[in-house]
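**Student:** In terms of our numbering, the sequence shown opens at residue 5 and continues consecutively.
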Amino acid sequence: MYKAATVARYTHDPAGFKVAELPRPALSSATQVEITVHAASLNPIDFKRAEGMLSIALPEPFPLKLGYDVSGVVSEVGSEVSRFSVGDRVYGRVHAEHAGTIAEYVVAEESALAPIPASVGFEAAAAVPLAGLTAKQALEAGGLQEGQTLFVSGGMGGVGMFALALAKHHFGAKEIITTVSSKKRDGALAMGATRVVDYAQEDYTQVLADTADVALDTVGDSAFYKVIKPNGSAVSVAMLPDGDALDHFRQEAVPLSFMGSVKLAVAKSVVNCAGWFLTRGFRAKNVKYSFIVLRCDGEDLEKTFNPLLESGKLVPAISNSYEFTDEGLCSAFTESRAGHATGKIIIKVK
Numbered sequence: 005m006y007k008a009a010t011v012a013r014y015t016h017d018p019a020g021f022k023v024a025e026l027p028r029p030a031l032s033s034a035t036q037v038e039i040t041v042h043a044a045s046l047n048p049i050d051f052k053r054a055e056g057m058l059s060i061a062l063p064e065p066f067p068l069k070l071g072y073d074v075s076g077v078v079s080e081v082g083s084e085v086s087r088f089s090v091g092d093r094v095y096g097r098v099h100a101e102h103a104g105t106i107a108e109y110v111v112a113e114e115s116a117l118a119p120i121p122a123s124v125g126f127e128a129a130a131a132v133p134l135a136g137l138t139a140k141q142a143l144e145a146g147g148l149q150e151g152q153t154l155f156v157s158g159g160m161g162g163v164g165m166f167a168l169a170l171a172k173h174h175f176g177a178k179e180i181i182t183t184v185s186s187k188k189r190d191g192a193l194a195m196g197a198t199r200v201v202d203y204a205q206e207d208y209t210q211v212l213a214d215t216a217d218v219a220l221d222t223v224g225d226s227a228f229y230k231v232i233k234p235n236g237s238a239v240s241v242a243m244l245p246d247g248d249a250l251d252h253f254r255q256e257a258v259p260l261s262f263m264g265s266v267k268l269a270v271a272k273s274v275v276n277c278a279g280w281f282l283t284r285g286f287r288a289k290n291v292k293y294s295f296i297v298l299r300c301d302g303e304d305l306e307k308t309f310n311p312l313l314e315s316g317k318l319v320p321a322i323s324n325s326y327e328f329t330d331e332g333l334c335s336a337f338t339e340s341r342a343g344h345a346t347g348k349i350i351i352k353v354k
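#1: For Lys292 and Asp217, what's the separation of their Cα atoms in angstroms?
#2: Check whether the Cβ atoms of Leu70 and Asp50 lie closer than 9 Å to each other.
#3: Pro320: buried (16+ other C-beta within 10 angstroms of its C-beta) or exposed?
#4: Locate the beta strand (DSSP E) running through Lys292, then write down its first and last residues.
#5: Could you pull out every unbroken beta strand (DSSP E) segment of at least 3 residues lying fully inside the segment 161-238, listed in chain order?
#6: DSSP beta-bridge partners for Phe155?
#7: State the start and end residues of the unbroken alpha helix (DSSP H) segment that holds Thr15.
#8: Which of the three DSSP states is assigned to Leu313 in this structure?
#9: Where does His42 sit, in a helix, a strand or coil, going by DSSP?
#10: Report the three-state DSSP secondary structure of Ser325 (helix, strand or coil).
#11: Report the rounded CA-to-CA distance for Ala171 versus Pro48, giving the unit in angstroms.
#12: Count the other C-beta atoms from every protein chain shown that fall within 10 angstroms of the C-beta of Asp221, then say buried if there are 16 or more, exposed otherwise.
#13: Can you find a C-beta in chain D that's less than 9 Å from the C-beta of Thr346?
#14: As a quick exercise: from Ala30, Phe309, Ala342, pick the residue whose alpha carbon is nearest that of Phe175.
#15: What is the residue span of the alpha helix (DSSP H) that Asp393 lies within?
#16: Within a Cβ cutoff of 8 Å, which residues of the same chain sit near Glu306, ignoring the five residues on either side of it in sequence?
#17: With a cut-off of 8 Å on the beta carbons, I'd call Phe126 and Gly76 a contact; round off their distance for me.
#18: Are Val211 and Thr182 closer than 9 Å when you measure CB to CB?
#19: Kindly list the residues whose CB is nearer than 7 Å to the CB of Gly56, restricted to its own chain and excluding five residues on each side of it in sequence; keep chain order.
#20: When the Cα atoms are used, what is the spatial distance from Gln141 to Val241?
#21: By how many angstroms is the C-alpha of Phe228 removed from the C-alpha of Ser237?
#22: DSSP has Gln36 in a bridge; who is on the other side?
#23: Report back the beta-carbon spacing between Leu46 and Ile296 to the nearest angstrom; my notes put them in contact at under 8 Å.
#24: With a CB to CB cut of under 6 Å and the five nearest residues on each side skipped, what residues in its chain are close to Lys230?
#25: Within the same chain, show all residues whose beta-carbon is closer than 7 Å to that of Ser325, passing over the 5 residues directly before and after it, in chain order.
#26: Which parts of the segment 61-144 are runs of the beta strand (DSSP E), unbroken and 3 residues or longer, counting only runs that do not cross its ends?
#27: Among the candidates Asp225, Ala192, Gly159, Thr10, whose CA atom is the shortest distance from the CA of Glu25?
#28: Taking only the alpha-carbon atoms, compute the straight-line gap between Ala44 and Glu101 and give it to the nearest angstrom.
#29: Based on DSSP bridge pairs, tell me the residues matched to Glu55.
#30: Got a sec? Which residues, its chain only, sit under 7 Å from Phe166 by beta carbon, not counting five neighbours each side?
#31: For Ala19, which option in Ala177, Ala345, Cys334 has the closest C-alpha, if you only look at C-alpha atoms?
#32: Identify the residues that DSSP records as bridge partners of Glu25: which are they?
#33: Considering only C-alpha positions, which residue in the set Lys7, Val23, Met5 is nearest to Gly332?
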């Protein structure tokens with residue numbers, strides 16, 4: 005048996021998040037490893053799963069085990085694992101079938117993991133995978149090039165802060181603009197922003213009209229197209245996904261029943277229609293629009309983020325760290341759902 009963060013039913017109440025005892029997970033493939041978890045970080049997808057927002061695309065049995073980001077120590081390896089050995093420190097974003105990283109142990113595919121640099125702690129490492137890789141893949145999808153101007157909404161949220169750092173240190177953007185509240189201004193500048201607009205004091209869509217070559221939306225504001233130059237590029241991780249994004253979710257999920265397939269088809273039609281309506285402003289400016297769903301990639305995590313972490317160019321901002329208890333889970337998910345965290349929210353498991 006082992007302890008894991010769970011919900012017994014779909015819930016909007018953070019008090020419904022509980023530490024439960026469950027049968028310990030076992031390796032089911034020669035390419036998997038078991039990790040003794042030291043830390044995990046929260047992402048919006050965690051409370052969205054718990055609320056049932058993904059239930060059509062990702063039907064799952066209860067109790068739901070929570071968490072996708074993990075850092076810890078390898079405690080068992082499959083016979084075909086070649087990159088890691090027992091005792092290695094690792095971090096990563098696990099695939100959907102292995103969700104449940106807020107736990108004493110978790111099983112993961114070797115391909116989803118990267119070694120933790122010696123100078124980096126478990127909490128900092130746990131902050132990176134999902135948000136960091138999402139930011140990188142979003143900027144790649146947007147086609148950000150050296151010397152261009154990038155706009156990022158919500159620059160001190162999880163994805164936003166990594167986008168700022170990557171734009172500066174990996175993509176070589178010339179100007180990096182973001183919106184945050186005044187109290188988060190210094191943090192955004194430290195992460196890599198060159199210009200900060202306080203969205204509470206100014207209408208960023210007017211102040212920054214036709215400024216950016218590429219824009220990344222992390223807060224779900226469909227008006228962000230106004231800051232993009234005609235013929236530019238827009239990427240969102242927070243607006244409505246399109247049908248292709250729902251199909252991507254399905255690639256990691258269990259097979260659907262006939263009625264489940266019908267429900268998914270209807271959901272795709274509704275989402276595509278709503279998305280077409282929401283993106284009409286983008287089309288009017290001939291702006292290319294993309295919605296990003298993360299692809300797990302441990303080798304990219306190592307190649308892109310380890311050098312930045314080792315050099316100190318990237319220091320993940322951590323909003324708060326909570327204990328692995330019922331009270332800690334309640335507080336952590338309350339903060340996550342509020343949507344105003346400065347950086348990542350961590351659960352200290354070990």
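The C-beta atom is built at its ideal place from N, Cα and C for all residues, glycine as well.
**Tutor:** By the coordinates alone:
#1: Position 288 of the sequence shown holds residue 292. Position 213 of the sequence shown holds residue 217. Distance between the alpha carbons of Lys292 and Asp217 is about 11 Å.
#2: As a working note, residue 70 is residue 66 in the sequence shown. As a working note, residue 50 is residue 46 in the sequence shown. A contact, by the Cβ cut-off of 9 Å.
#3: Your numbering for residue 320 matches position 316 in the sequence shown. So Pro320 ends up on the buried side.
#4: Residue mapping note: residue 292 aligns to position 288 of the sequence shown, counting from 1. Annotation: the continuous beta strand (DSSP E) that includes Lys292 extends over 292-295.
#5: 179-184, 199-202, 216-221, all fully within the segment 161-238.
#6: As a working note, residue 155 is residue 151 in the sequence shown. Assignment of beta-bridge partners to Phe155 by DSSP yields Ile181, Ala219.
#7: Counting from 1 along the sequence shown, the entry for residue 15 is found at position 11. Counting along the chain, Thr15 falls outside any alpha helix (DSSP H), and DSSP gives it neither H nor E.
#8: Walking along the sequence shown from the start, residue 313 turns up at place 309. Correct three-state label for Leu313: helix.
#9: For the purposes of this step, residue 42 is taken as residue 38 along the sequence shown, with counting starting at 1. Note: His42 maps to strand in three-state DSSP.
#10: For the purposes of this step, residue 325 is identified with residue 321 of the sequence shown, where counting begins at 1. It is a strand residue.
#11: Translated into the one-based positions of the sequence shown, residue 171 becomes position 167. Translated into the one-based positions of the sequence shown, residue 48 becomes position 44. Between Ala171 and Pro48, the alpha-carbon positions lie close to 22 Å from each other.
#12: Counted from its first residue, the sequence shown places residue 221 at position 217. It counts as buried.
#13: Included in the structure is just one protein chain, with no chain D present.
#14: Numbered from its first residue, the sequence shown carries residue 175 at position 171. Ranking Ala30, Phe309, Ala342 by CA distance to the CA of Phe175 puts Phe309 first.
#15: This structure cannot settle anything about residue 393, because the visible part of the chain is limited to 5 through 354.
#16: In the sequence shown, counting from the first residue as 1, residue 306 sits at position 302. Same-chain partners within the cutoff: Ala118, Pro119.
#17: For this step, residue 126 is matched to residue 122 along the sequence shown. For this step, residue 76 is matched to residue 72 along the sequence shown. So it is a contact: roughly 7 Å between Cβ atoms.
#18: Numbered from 1 along the sequence shown, position 207 holds the residue referred to as residue 211. Numbered from 1 along the sequence shown, position 178 holds the residue referred to as residue 182. Remark: C-beta atoms of Val211 and Thr182 do not approach each other more closely than 9 Å.
#19: In the sequence shown, the residue the question calls residue 56 occupies position 52. Taken in chain order, the residues that qualify are Tyr14.
#20: The residue labelled residue 141 in the question sits at position 137 within the sequence shown. The residue labelled residue 241 in the question sits at position 237 within the sequence shown. Straight-line spacing of the CA atoms in Gln141 and Val241 works out to 10 Å.
#21: In the sequence shown, residue 237 corresponds to position 233, counting from 1. In the sequence shown, residue 228 corresponds to position 224, counting from 1. Each residue's alpha carbon lies about 11 Å from the other.
#22: Sequence index remark: in the sequence shown, residue 36 carries index 32 (1-based). Answer is Glu113, bridged to Gln36.
#23: As a first step, residue 46 is located in the sequence shown; it is residue number 42 there, counting from the start. As a first step, residue 296 is located in the sequence shown; it is residue number 292 there, counting from the start. About 19 Å; that fails the 8 Å criterion.
#24: To locate residue 230, count along the sequence shown from 1; it is residue 226. Counting only Cβ-Cβ distances below 6 Å, and skipping sequence neighbours, we find Thr209, Ala213.
#25: Working through the sequence shown from its first residue, we reach residue 325 at position 321. Within the same chain, Ser325 has close Cβ partners Glu127, Ile350, Lys352.
#26: Taking 3 residues as the shortest admissible run, the segment 61-144 contains the following complete beta strand (DSSP E) segments, listed from N- to C-terminal end: 73-81, 93-97, 109-113, 117-119.
#27: In the sequence shown, residue 25 corresponds to position 21, counting from 1. Ranking Asp225, Ala192, Gly159, Thr10 by Cα distance to Glu25 puts Thr10 first.
#28: Locating residue 44 in the sequence shown gives position 40, counting from the first residue. Locating residue 101 in the sequence shown gives position 97, counting from the first residue. About 17 Å.
#29: Residue mapping note: residue 55 aligns to position 51 of the sequence shown, counting from 1. Secondary-structure assignment with DSSP links Glu55 through no beta bridge to anything.
#30: Taking the first residue of the sequence shown as 1, we reach residue 166 at position 162. Excluding positions up to five away in sequence, the list reads Ala135, Gly136, Ala139.
#31: The residue labelled residue 19 in the question sits at position 15 within the sequence shown. Selected option, being the one with the closest Cα: Cys334.
#32: In the sequence shown, the residue the question calls residue 25 occupies position 21. Looking at the DSSP assignment, Glu25 forms a beta bridge with Lys7.
#33: As a position in the sequence shown, residue 332 is number 328, starting the count at 1. Checking every option, the nearest Cα to that of Gly332 belongs to Val23.
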